[in-house]
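Shown next, in structure tokens, is the structure this report addresses.
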Amino acid sequence: MPLTLTWEDIALRIALTVLASGAIGFDRDIEGHSAGLRTTILVGLAACLAMVQANWLMNAVGKSAGSFVELDLMRLPLGILTGVGFIGGGAILKRGDNVHGLTTAATLWFVTVVGLCFGGGQIALGAAGGVLGLLILRALKLPELKFKQKRASQLRLKWKAGEGDAAQAMSILRQADLEIASFSVKQDAVAQVEELSCSVRRFARSGDHGLPPVVAEVVGRQGVLEWQWMD
10 MPLTLTWEDI ALRIALTVLA SGAIGFDRDI EGHSAGLRTT ILVGLAACLA MVQANWLMNA
70 VGKSAGSFVE LDLMRLPLGI LTGVGFIGGG AILKRGDNVH GLTTAATLWF VTVVGLCFGG
130 GQIALGAAGG VLGLLILRAL KLPELKFKQK RASQLRLKWK AGEGDAAQAM SILRQADLEI
190 ASFSVKQDAV AQVEELSCSV RRFARSGDHG LPPVVAEVVG RQGVLEWQWM D
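If you want this note's numbering, it's the 1-based position in the sequence shown plus 9.
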């Protein structure tokens, strides 16, 4: 980082940060993910401004003879990374055996580092990192959608007492290669209903969010009053 900053240097760093983080945010927006254009630009810009400020204060580093204060400029970007870690942690959601939001958290953390690179004057490093990050998010999306992975889902069925058969419903699911990890059957004598809740594991592509045909067959059986399927 140069000891003396010009306004041209600052403008270039801010512009490149907005461009790189905006490109990553736009890619997430068109895919319908959280942490889109505005979020990524704000995170990257905050990191960039923090690093520019650290660069600006480099002339004040150290301790004068009559002062007891010593500046440690690296605490500023490290504090930014820690703060973004908390934001990323809030974006992660665990539902059953499935974890959502990891890519969102990683993207926010990555955009922060890109902003720190540009803010610190490492233009080539920031540009290379921004392009590489965008390629990873975009180019690896299609292969990831084609790979089948084991996913956990929750199925809840409710029917009138005496009209449903929990054992038969689970048998149909097992015959379709759906693994039932756990289940529970509740009976309400007052309302005269029976409820089956089960955790189902299956191999599916990450883009498959619809109701599996075998589950549609089970929920469409006569006597089913309510049903819920959660991926």
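Heads up, the beta-carbon is just placed ideally off N, CA and C, and yes, glycines get one too. Bear in mind the structure is a predicted one, so any value in this text is a computation, not a measurement.
{"Query": "To which residues does DSSP link H42 through a beta bridge?", "Result": "Bridge partners of H42: none, in fact."}
{"Query": "Under the assumption that L46 contacts M67 (Cβ atoms under 8 Å), give the Cβ distance between them as a whole number of angstroms.", "Result": "With 8 Å as the limit, L46 and M67 do not qualify as a contact, their Cβ atoms being about 32 Å apart."}
{"Query": "Put M239 into one of helix, strand or coil per three-state DSSP.", "Result": "strand"}
{"Query": "How far does the alpha helix (DSSP H) with Q177 in it reach, from first residue to last?", "Result": "A175 to Q184"}
{"Query": "Considering Cα atoms alone, identify which of P221, A136, A175 and V223 is closest to E203.", "Result": "A175"}
{"Query": "Nearest to V122 by CA position, among H109, G138 and T112, is which residue?", "Result": "G138"}
{"Query": "Do you know how far the Cα of G53 is from the Cα of R183?", "Result": "48 Å"}
{"Query": "Distance check for I23 and L58, CA to CA, integer angstroms please.", "Result": "8 Å"}
{"Query": "So, with DSSP's three-state summary, where would you put Q62?", "Result": "helix"}
{"Query": "Quick check on the burial criterion: 16 or more other C-beta atoms within 10 angstroms. Buried or exposed for V140?", "Result": "exposed"}
{"Query": "Which residues does DSSP list as the beta-bridge partners of D197?", "Result": "V202"}
{"Query": "For S191, count neighbouring Cβ atoms within 10 angstroms of its own Cβ and tell me buried if that reaches 16, exposed if not.", "Result": "exposed"}
{"Query": "Relative to the C-alpha of M179, which residue among T26, A29 and S206 is closest?", "Result": "S206"}
{"Query": "Would you call the CB atoms of T26 and G124 closer than 9 Å?", "Result": "yes"}
{"Query": "Thinking C-alpha only, which one of T116, L187 and I96 is nearest L146?", "Result": "T116"}
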